[in-house]
Amino acid sequence: MAFRGGATVGLAVPAMALMAIAGLYLVFPDPITIAGVGIGASLIALFIRIGGGIFTKAADMGADLVGKVEANIPEDDPRNPATIADNVGDNVGDAAGMGSDVYESYIVTILAALLIAALIGAPNYFLYPILVGSSGMIASIIGVVIVGSKGVTDVMKPLNRSFYVSAAIAIALNYVFITQFIEQSTAGIALFGTTVIGVILVPIIQKITDKYTSYKHGPVNEIADSAKWGYASLTLMGIIKGMQSTGPFMIALVVAIIISYSISAAAAPEGADPVLYGIFGTSLTAMAMLSLAGIVLSIDAFGPIADNAGGIVEMTGMGEENRKVTDEIDAVGNTTKAVTKGFAIASAALAALAMIQAFQFEAAHIFEGVLDLDYSLTNPAIIVGLLIGGLIPFIITGQLINGVSRAAGKMVDEVRRQFKSDPEILTGKSKPDYAKCVDIATVASIRELWKPALVAIIAPIILGVLLGPTAVAGLLMGAVVTGILLAYHLANTGGAWDNAKKLVEMKGEKGSEVHKVAVVGDIIGDPYKDTAGPALNTVIKLLNTIAIVFVSAFVAIIAL
-12 MAFRGGATVG LAVPAMALMA IAGLYLVFPD PITIAGVGIG ASLIALFIRI GGGIFTKAAD
48 MGADLVGKVE ANIPEDDPRN PATIADNVGD NVGDAAGMGS DVYESYIVTI LAALLIAALI
108 GAPNYFLYPI LVGSSGMIAS IIGVVIVGSK GVTDVMKPLN RSFYVSAAIA IALNYVFITQ
168 FIEQSTAGIA LFGTTVIGVI LVPIIQKITD KYTSYKHGPV NEIADSAKWG YASLTLMGII
228 KGMQSTGPFM IALVVAIIIS YSISAAAAPE GADPVLYGIF GTSLTAMAML SLAGIVLSID
288 AFGPIADNAG GIVEMTGMGE ENRKVTDEID AVGNTTKAVT KGFAIASAAL AALAMIQAFQ
348 FEAAHIFEGV LDLDYSLTNP AIIVGLLIGG LIPFIITGQL INGVSRAAGK MVDEVRRQFK
408 SDPEILTGKS KPDYAKCVDI ATVASIRELW KPALVAIIAP IILGVLLGPT AVAGLLMGAV
468 VTGILLAYHL ANTGGAWDNA KKLVEMKGEK GSEVHKVAVV GDIIGDPYKD TAGPALNTVI
528 KLLNTIAIVF VSAFVAIIAL
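Residues in the sequence shown are numbered consecutively from -12, following the numbering used here.
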C-alpha cells in the first residue's frame, strides 16, 4: 500500500517533466528558447528543497530534543506539541522535496541534451533524449504494476525486483527507439551504449548508498556500536563513514563518464566533431539514468508514507506489536530515502556536467570575435571562478544548518513553554497546541529561505558581468566538484545516524543511555540528510541554468 501511494508521486513527476519539454519543443523548436523552463524548475525546486527542508527538520529536531531527550516520551507521541508539524514535514521535505529535485534534474538534463544535439547539427538526434525519457516512463509503469505483497518477508525484495524489471525494459526500448526511429549506424549503437551505462549506474549508486546507510551492513552497525562509548564517539564514527562513502560513489561516476564519452566520441561520423559527440553521449547517460525516475521515486515516496504510518500507530495507541511492524518498514523507508538521495546527487552531477559543456559552447557562439574565451588553468579568471564555485556549497550548507538550528530553537522553546504552562499535556489529560508549532515551522522556513537562495541566484550573474564567461565556467566546475562530494557526504552521514538509531531500537534498547546517544546522532543528522545535502543538488543545477540563460550579459567589465 505504501508503495502504491508512492507510485502516484513517482510516475507523475517524470510524466509532467516529459510532457512540458515535449510540448514546448513542438511550439519552440529552438532549445535555447525553452532554456528558461530550466530556471523555473530550478527556482521552484530550490524553494521547496530549502523551505521544505528547514520546515521538516525544525519540527523534527524540536520534537526529538524536548520529547525524546528531555521528557523521555516516544517518537510521534500525541502528547508532543511538535508531532503534527513533524509528520507534515515528512511530506513536505521527503515527498514534495525529492519530487521537485528530480523534476528539475529531468528538465535540465533534457535541455542540455537538446542544446548539444543542436550544436552537433544532427536533427535526427533531437528526438532521442525525449524517446529515452519515454522508455523509462513505460518501464516504470510496468515495474509499479508487478509489485506484490503476498508472502513477502523482506520488504526490499519486491521493490528491488520491480526496479530491475523496469531497468531491463528501459534498455530494450532504448535499443528499439535508436534502431527504428533514429538511425541504424555505428554512432547510433554507440549512443544506445551510453544509455545502457546510465541505466546500469542507477543500481550501482543504490548499492553503494545502501552499504553505507542500511542497518544490514557494517558501517551502520559500527556507528550503532560506537553509541556505547558516548556522544563524541558516535558523532565521529558517523562523519568517518559518510566521508568514506564518497570514494566508491565518485569512482562509479568517473568510470561512467569516461566510458560514455569514449564510446560516443570514437563512433562520431566522419567529419563530425568527436568532442561534441562525446559530450552528447554523457548527456544521454544522465538522461537514461533519470528515465528511471518513475520507479526510483515510487520506491522513495514509500519512505515518508511508512514514517507517517508509524506516527499514526503511535498517536492512536495501536500497540507495541503494530509499532514494531511500522518501525521495520520505516527502517526500510529510511534506506530507500537515502538510496534515492544518492540517485538524485549522481543525476545532478551528470546533469551539471552536461549543462557546463552546453554553457561553454553557447558562450563561444555568442562572444565569437568579441571575447577570447580561454578555459585553461593558466587563465586567472578560471582560477578565481573555481575558488568561488568551490566555496558556494560550503557557504550555503552553513546557512542552511544555521537556519535549521535557529528554527529548531524556536520550536524547542514553544514545546517547553506548553509543557510548563500546562503540565496535564504530559499526562494526556490536556491536548497540546499543535497549530502553534506548525506556524513556527512555516514562518521560520520562509524567513531562513532567502539568504541561501540569493547566493545561488546572484553569484554566477555578478561573476559573469565582472570577469566574463570563463570565470563563470570555473565557478560551475568548482561548485560541481565540492557540491556533489559534500552533498553525498551529508546525505549518507545523516542516513547512517538515522538507521543506527533504528538499529538500537530494534535491539530493544529504547529508553537506555545507548538509545539517548543514538537519538542525539539522529538529531544532528537531520539537517545533514534532509536539508543541506538535498539542497546542494538544486543549487548546483540552478547555477548552471542561470549561467546559460544570462550568458549574453557576461561582458567581463574587469579583464584578467
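Where a beta carbon is used, it is the ideal one built from N, C-alpha and C, also for glycine.
Next on the checklist: Just to confirm the assignment: which complete beta strand (DSSP E) runs, minimum length 3, are found wholly within the region 407 to 494?
Outcome noted: Qualifying beta strand (DSSP E) stretches: none in this window.
Checklist entry - Measuring CA to CA, which of SER285, ARG404, ALA422, ALA458 is closest to ASN147? => result As a working note, residue 147 is residue 160 in the sequence shown. Among SER285, ARG404, ALA422, ALA458, the Cα nearest to that of ASN147 belongs to SER285.
Checklist entry - VAL95 and ALA338: beta carbons closer than 8 Å? => result In the sequence shown, residue 95 corresponds to position 108, counting from 1. In the sequence shown, residue 338 corresponds to position 351, counting from 1. For the pair VAL95 and ALA338, the CB atoms are nearer than the 8 Å cut-off.
Next on the checklist: By the three-class DSSP mapping on this structure, what secondary structure does LEU364 have?
Outcome noted: Reading the sequence shown from its first residue, position 377 is the one you call residue 364. If DSSP states are grouped into helix, strand and coil, LEU364 belongs with coil.
Item to check | Backbone CA spacing between MET124 and HIS352 [nearest angstrom] | outcome: Position 137 of the sequence shown, counting from 1, holds the residue named residue 124. Position 365 of the sequence shown, counting from 1, holds the residue named residue 352. One alpha carbon belongs to MET124, the other to HIS352, and they sit about 34 Å apart.
Next on the checklist: So for ALA104, helix, strand or coil by DSSP?
Outcome noted: In the sequence shown, the residue the question calls residue 104 occupies position 117. ALA104 sits in a helix when the DSSP states are folded into three classes.
Next on the checklist: Alpha carbons only, please: which of PRO110, GLY415, SER363 is nearest the one belonging to PRO16?
Outcome noted: Against the sequence shown, residue 16 aligns to sequence position 29. It is PRO110 whose Cα lies nearest to the Cα of PRO16.
Checklist entry - Curious, which full-length alpha helix (DSSP H) runs of at least 4 residues does the region 326 to 396 contain? => result Qualifying alpha helix (DSSP H) stretches: none in this window.
Checklist entry - Who are the near neighbours of ALA474 in its chain, counting only those whose CB is closer than 7 Å to its CB and skipping five residues on each side? => result Stepping through the sequence shown from its first residue, residue 474 is reached at position 487. Sequence-distant partners of ALA474 (beyond 5 residues in either direction) whose C-beta falls short of 7 Å from its own C-beta, in its chain, are ILE332, GLY520, LEU523, ASN524.
Checklist entry - How many Å lie between LYS397 and ILE427 at the Cα? => result Translated into positions along the sequence shown, residue 397 becomes position 410. Translated into positions along the sequence shown, residue 427 becomes position 440. About 7 Å.
Item to check | Limits of the alpha helix (DSSP H) - the one that ASP513 falls within | outcome: As a working note, residue 513 is residue 526 in the sequence shown. ASP513 -> alpha helix (DSSP H) spans 500 to 514.
Next on the checklist: Taking the alpha helix (DSSP H) that GLY39 belongs to, which residues open and close that run?
Outcome noted: Residue 39 sits at position 52 when you count from the first residue of the sequence shown. Where GLY39 is concerned, the enclosing alpha helix (DSSP H) starts and stops at 23 to 50.
Next on the checklist: In whole angstroms, give me the CA-to-CA distance for ILE375 and SER417.
Outcome noted: To locate residue 375, count along the sequence shown from 1; it is residue 388. To locate residue 417, count along the sequence shown from 1; it is residue 430. Using only the alpha carbons, I get a separation of about 53 Å.
Checklist entry - For the candidate residues VAL399, VAL300, LEU240, VAL538, whose alpha-carbon lies nearest to that of ALA69? => result In the sequence shown, residue 69 corresponds to position 82, counting from 1. If we check each option's Cα against that of ALA69, VAL399 comes out closest.
Item to check | Own chain partners of GLY320 with C-beta closer than 8 Å, once the 5 adjacent residues on each side are dropped | outcome: Position 333 of the sequence shown, counting from 1, holds the residue named residue 320. ALA(-11), PHE289, GLY290, PRO291, ILE292, ALA293, ASP294, listed in sequence order.
Next on the checklist: Comparing C-alpha positions only, which one of ARG393, SER122, LYS198, ALA32 sits nearest to VAL326?
Outcome noted: On the sequence shown, position 339 is the one that residue 326 refers to. Of the listed residues, the one whose Cα sits closest to VAL326 is LYS198.
Next on the checklist: Helix, strand or coil, according to DSSP, for GLU62 in the structure here?
Outcome noted: Counted from its first residue, the sequence shown places residue 62 at position 75. Three-state DSSP puts GLU62 in coil, outside helix and strand.
Checklist entry - Using the C-alpha atoms, what's the distance from GLY390 back to ILE192? => result Walking along the sequence shown from the start, residue 192 turns up at place 205. Walking along the sequence shown from the start, residue 390 turns up at place 403. Distance between the alpha carbons of ILE192 and GLY390: 30 Å.
Checklist entry - Could you give the C-beta distance for ALA443 and VAL526, rounded to a whole number, given that I count them as a contact under 8 Å? => result Against the sequence shown, residue 443 aligns to sequence position 456. Against the sequence shown, residue 526 aligns to sequence position 539. In this structure ALA443 is in contact with VAL526, their Cβ atoms being roughly 5 Å apart against a cut-off of 8 Å.
Item to check | Residue burial classification, PHE346 (beta-carbon count within 10 angstroms, cutoff 16) | outcome: As a working mapping, residue 346 is identified with position 359 in the sequence shown. Classification of PHE346: buried, given that the 10 Å Cβ count is 16 or more.
Checklist entry - When the Cα of ASP212 is compared with those of VAL542, LEU490, GLY329, which residue comes out closest? => result What you label residue 212 is simply residue 225 of the sequence shown in a count that begins at 1. By alpha-carbon distance to ASP212, the top candidate from VAL542, LEU490, GLY329 is LEU490.
Checklist entry - So VAL300 packs on ALA72, CB below 8 Å; how close in whole Å? => result Here residue 300 refers to the residue found at position 313 of the sequence shown. Here residue 72 refers to the residue found at position 85 of the sequence shown. Wrong, their Cβ atoms sit about 18 Å apart, outside the cutoff.
Next on the checklist: Closer than 8 Å is the cut-off here; do at least three beta carbon pairs connect the region 456 to 468 with the region 228 to 235?
Outcome noted: The region 456 to 468, when compared against the region 228 to 235, does not touch it at the 8 Å Cβ threshold.
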